[in-house]
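Quick note on the working numbering: the sequence shown kicks off at 37 and runs consecutively.
Ideal placement from N, C-alpha and C gives every residue a C-beta, glycine not left out.
Computed from a prediction, not measured in an experiment: that's the story for all the values here.
A short worksheet on the structure shown next.
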Amino acid sequence: MMKRRCNKPFPPSKIPFFYGWVILAAGTIGILMSIPGQTMGVSVFTENLLSDLQINRNNLSLAYLVGTLSSGLMITRAGKLYDKHGARVMSFISGVMLGLMLVYLTRVDRLVDAMVNSRLLSPILSTFILLAIGFWGIRFFGQGLLTMVSRNMVMKWFNRRRGLANAVLGIFSALGFSVAPKILSQIIDRLEWRGAWIFLAVLVGVIFAVFVLLVFRDNPEDCGLVADGKMKERKRRQRPPSLPDHDFTLKEARKTMAFWAFTLALS
């Protein structure tokens with residue numbers, strides 16, 4: 037079933053070069069598509085939210101904190117879903133949901149008016165709760181899930197060249213993150229903040245989601261390939277034998293020092 041799904045809409049094994057390089061480019065694009073949910077992608081909208089939603093900076097920051105913490109608490113469960121369903125399914129869901137949450141954030145002021153008119157909550161509390169929900173959505177599906185899935189997908193396609201792939205991924209991701217605020221500011225100047233979020237919603241939730249279905253693949257084995265591609269036999273003989281592979285379960289990994297060292301470093 038997985039192999040049949042991997043070969044749709046085209047079999048990666050028919051590509052005249054190692055498909056892992058396509059995956060590396062696709063994974064980098066996936067991480068860049070998470071920018072609307074990253075802090076640097078949200079911060080450029082701060083002044084517009086403060087003025088149009090009539091919320092003070094402290095409450096806005098607190099709503100963002102609540103959204104970020106709540107999304108962080110759920111990411112472990114999301115990792116289990118990724119293990120079960122694979123990169124293509126989870127990235128598609130992430131892109132669509134991130135787009136929907138961006139559209140939701142453009143309608144927060146109208147939702148606040150509806151809640152106030154129905155006398156459910158005060159304007160301040162209504163704005164805080166609705167913003168926290170929106171921030172949870174873009175942080176969870178963008179900064180959390182989409183970033184995690186895109187990066188892990190790339191790592192599955194490389195073994196000996198994993199360091200090179202990770203370096204390329206990091207360089208282009210950092211470059212994209214560094215120029216994102218300026219690009220987003222220009223989009224806001226042209227389309228205003230609501231129009232900018234709608235534009236990003238279409239980009240991520242429609243265009244990128246279709247791109248995921250066409251290009252993303254979970255791992256090379258499902259596609260009849262091997263990590264790093266086919267290496268020449270002579271090069272294999274010249275290299276010293278590596279340690280045998282061992283796939284750790286989550287329970288086994290938690291008992292190793294390396295797991296906690298990398299977890300703390302990346303945190």
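Asked, Found
"Under 6 Å Cβ to Cβ from Arg270, same chain only, skipping five residues before and after it: list those, please.", "With a pLDDT of 38 at Arg270, under the threshold of 50, the modelled position of that residue is not reliable, and the figure given next carries that caveat. For Arg270, where only same-chain residues beyond five positions count, there are no Cβ hits under 6 Å."
"Touching or not, the region 170-190 and the region 106-113, by the rule of three or more beta carbon pairs under 8 Å?", "yes"
"Tell me which same chain residues have a C-beta within less than 7 Å of the C-beta of Trp172, skipping the five on either side of it?", "Gly103, Ser106 and Ser107"
"Throw me the rounded Cβ distance for the Ala201 and Phe194 pair, which I believe falls under 8 Å.", "4 Å"
"For Thr163, which residues of its own chain have a beta-carbon under 6 Å away from its beta-carbon, when the five flanking residues on both sides are left out?", "Leu89, Ile91 and Val148"
"Straight-line CA distance for Thr183 to Gly131?", "11 Å"
"For a test of the three-state rule: what should DSSP assign to Tyr55, helix, strand or coil?", "coil"
"Which of helix, strand or coil does DSSP assign to Gly265?", "coil"
"Once DSSP output is grouped into helix, strand and coil, what is the label at Arg197?", "coil"
"For Phe81, I'd like the list of residues in its chain whose CB is within less than 6 Å of its CB, leaving aside the five on either flank, ordered along the chain.", "Trp229"
"Can you check whether the CB of Pro72 is closer than 7 Å to the CB of Leu236?", "yes"
"Given Leu181, which residues of its chain have a CB within under 6 Å of its CB, disregarding the five upstream and five downstream residues?", "Ala114 and Ser130"
"Using the Cα positions of Tyr140 and Ile224, report the straight-line distance between them to the nearest angstrom.", "17 Å"
"As a quick exercise: from Arg41, Glu83, Ser70 and Lys116, pick the residue whose alpha carbon is nearest that of Lys287.", "Lys116"
"On a CA-only basis, which of Ala123, Ala203, Trp233 and Ser154 is nearest Gly170? Give me that one, please.", "Trp233"
"Whole angstroms are fine: how far does the CA of Val242 sit from the CA of His121?", "20 Å"
"Within the same chain, show all residues whose beta-carbon is closer than 7 Å to that of Ser70, passing over the 5 residues directly before and after it, in chain order.", "Gly178, Gln179, Leu182 and Thr183"
"Is it the case that the Cβ atoms of Phe252 and Ser127 are separated by a distance below 7 Å?", "yes"
"Please state whether DSSP places Met126 in a helix, a strand or coil.", "helix"
"Distance, Cα to Cα, Phe54 vs Ala263?", "9 Å"
"Would you mind stating whether Ala297 and Met189 have Cβ atoms separated by less than 7 Å?", "no"
"To the nearest angstrom, report how far apart Ile165 and Arg198 are at their CA atoms.", "42 Å"
"Using C-beta distances below 7 Å, list every residue in its chain close to Ala245, excluding the 5 sequence neighbours before and after it, in chain order.", "Phe128, Gly131 and Val132"
"Is Arg290 helix, strand or coil by DSSP?", "coil"
"I need the straight-line Cα distance from Val144 to Val215, nearest angstrom please.", "28 Å"
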